[in-house]
Amino acid sequence: MDKKFANLVSSVVPLPIENIDTDQIIPARFLKATTRDGFGENLFRDWRFGENNQPKADFVLNNDTYKGKVLVAGKNFGCGSSREHAAWALGDYGFKVVVSSFFADIFKNNALNNFILPVQVSEDFLQKIFRAVEKVPSAAIEVNLEEQFIEIKATGEKENFDINPYKKTCLLNGYDDIDYLLSLRGEIEAYETTRPFNF
Numbered sequence: 003m004d005k006k007f008a009n010l011v012s013s014v015v016p017l018p019i020e021n022i023d024t025d026q027i028i029p030a031r032f033l034k035a036t037t038r039d040g041f042g043e044n045l046f047r048d049w050r051f052g053e054n055n056q057p058k059a060d061f062v063l064n065n066d067t068y069k070g071k072v073l074v075a076g077k078n079f080g081c082g083s084s085r086e087h088a089a090w091a092l093g094d095y096g097f098k099v100v101v102s103s104f105f106a107d108i109f110k111n112n113a114l115n116n117f118i119l120p121v122q123v124s125e126d127f128l129q130k131i132f133r134a135v136e137k138v139p140s141a142a143i144e145v146n147l148e149e150q151f152i153e154i155k156a157t158g159e160k161e162n163f164d165i166n167p168y169k170k171t172c173l174l175n176g177y178d179d180i181d182y183l184l185s186l187r188g189e190i191e192a193y194e195t196t197r198p199f200n201f
């Protein structure tokens, strides 16, 4: 998996539901695995499948009309428990970006730590995305991490978003916390040579 986040242009999967919690993202009964692989097949499991594991035709992930690496959801996405598995499931399914007008803090941090970019926009801009996709299901958006903006390509409407500078550096370079420290190894070693040691 390429961990680096490049400039992304993608169609979107719209999920205009508010207060989506982590148990809806990945139900608790699927948390037994200790690796991050395979969680995507159970993403939104109880919304995607009914009795006898039959796909529910009215759920967006079962609709071939909507595809893309960007999930656009209603406000307060990722509330509830702190389970990191929610980010694992989204990433394993193939999402690189989640857009909402508000994220639960713990989910936001878990997403960033798993190389998924949570883009928080105004409620007005969120509704503009939903309207654009309703009009043209294949409507694309651009997510530019370097310049920190999101744009609806069909209309040219854009909005800036905030991100922690450290997490931005990590995403742009594909660094986890250890990778980031290793990237500074030369600077750390140079600094250590200037320090007096008293034993």
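Position 26 of the sequence shown, counted from 1, bears residue number 28 in the working numbering, the numbering being contiguous throughout.
Virtual Cβ for every residue (Gly too), placed ideally from N, Cα, C.
Check, Outcome
"Cβ-based neighbour list, residue 112, same chain, cut-off 6 Å, excluding 5 preceding and 5 following", "86, 89"
"Proximity test, residue 30 beta-carbon vs the ligand FMN heavy atom, cut-off 7 Å", "Looking at this structure, you won't find the ligand FMN or any other ligand, since it has none at all."
"Opening and closing residue of the beta strand (DSSP E) in which residue 142 lies", "142-146"
"Straight-line Cα distance separating residue 180 from residue 195", "22 Å"
"Where residue 122 sits in the DSSP three-state scheme", "strand"
"Three-state secondary structure assigned by DSSP to residue 106", "coil"
"Residue 171, buried or exposed, once every other Cβ within 10 Å from all chains shown has been counted against 16", "exposed"
"N-terminal and C-terminal residue of the beta strand (DSSP E) that residue 16 is part of", "10-17"
"Span separating the alpha-carbon of residue 60 from that of residue 24", "21 Å"
"Bridge partners - residue 151, DSSP secondary structure assignment", "146, 162"
"Backbone secondary structure at residue 45 - three-state DSSP", "coil"
"Cβ-based burial, residue 56 [other Cβ within 10 Å; buried from 16]", "exposed"
"Residue of 21, 42, 16 minimising C-alpha distance to residue 109", "21"
"Residue 102 classed as buried or exposed, judged by whether at least 16 other C-beta atoms fall within 10 angstroms", "buried"
"Proximity test, Cβ basis, 8 Å: residue 47 and chain C", "Absent here is chain C; the protein component of the structure consists of one chain."
"Cβ-Cβ distance between residue 51 and residue 72 below 8 Å", "no"
"Helix, strand or coil at residue 138 according to DSSP, with G and I counted as helix", "coil"
"Cβ-based neighbour list, residue 5, same chain, cut-off 6 Å, excluding 5 preceding and 5 following", "117, 176"
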